[in-house]
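*Asks:*
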Amino acid sequence: MGLKKANALAGEVSPYLLQHAHNPVAWMPWGQEVWKKARDGNRPVFLSIGYSTCHWCHVMERESFEDEKTAEILNREFIPVKVDREERPDIDRIYMTAVQALTGQGGWPLSVWLTPEGKPFYGGTYFPPSGAHGRPGFADVLRQIAVAWKERKGEVEGWAEELAGRLRVLGGGAGTGGEIRDVGKILDAATVELAAEYDRKHGGFGGAPKFPRPSQPLFLLRRSFFEGSE
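Shown next as structure tokens:
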């Protein structure tokens, strides 16, 4: 059997990116060429962020990124981009915040779909190859997003703008008049949301597969300590 053809990650130095250098997916490293290609081809960007020792990153690679049929959809409908979170924590932080705002959770691999201007409009973490654990199959998600981009591009761009607005609110500590926002209401809302996500049967937050989310129990413990609540 001959050697697999290398993609654009073959010239990178990151161990994580090099692990994906012979995937059939036409991965590109993060850079200006990505956005030029996306604009010229009028295609959304699929951004996958992970790191070399990430278990679910390897699982998704084996199940989806090594699959020829899935790679064909990715290469035809999207500009696929790989980022090592340890090499570019700034990019990881930006898009992790976006996915958490969209889904209420985050983890790796981080899977985000972006407009050619870099604005996220859909995202998640690990996607199984076919629907499982209450998660849609990756290939199905790719097809649905590709159709939405072609047939309802304006609506998709509207989602991206709406999310960008939400992120601006989350990122700002004060409103335009300089007033401090009602922190108590924000903390109350966060507590209610976490309580709704708690898995009483298996522990942790959200559905399977679960990722370590230490900030959430720490938040609840600190709130309980300072306010005397349970």
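With the numbering used here applied, the sequence shown corresponds to residues 795 to 1024, in that order. We treat Cβ as the ideally placed atom computed from N, Cα and C, and that holds for glycine.
(1) So with Cβ pairs under 8 Å, would you call residue 955 a contact of chain C?
(2) Tell me the residue span of the alpha helix (DSSP H) that contains residue 812.
(3) So is residue 858 buried or exposed if we call it buried at 16+ other beta carbons inside 10 Å?
(4) Leaving aside the five residues before and after residue 936 along the sequence, list all residues of the same chain whose C-beta is less than 6 Å from its C-beta, in chain order.
(5) For residue 1037 and residue 817, I'd like the C-alpha separation in whole angstroms.
(6) What residue range does the beta strand (DSSP E) around residue 741 cover?
(7) Distance, Cα to Cα, residue 957 vs residue 946?
(8) In chain order, what residues of the same chain have a beta carbon less than 7 Å from the beta carbon of residue 871, not counting five sequence neighbours either side?
(9) What is the DSSP secondary structure of residue 900, counted as helix, strand or coil?
(10) Identify which residue in 944, 878, 912, 835 has its Cα closest to the Cα of residue 811.
(11) Within this structure, are the beta carbons of residue 845 and residue 806 separated by less than 8 Å?
*Replies:* So, from the listed chains and residues:
(1) Looking at the structure shown, chain C is missing, and only one protein chain is on hand.
(2) 809 to 813
(3) buried
(4) 867
(5) Outside the shown range of the chain (795 to 1024) lies residue 1037, about which nothing can therefore be said.
(6) Examination of residue 741 is not possible in this model, given that the chain is present from 795 through 1024 alone.
(7) 17 Å
(8) 837, 936, 940
(9) coil
(10) The alpha carbon of residue 811 has as its nearest neighbour, out of 944, 878, 912, 835, the alpha carbon of 878.
(11) no
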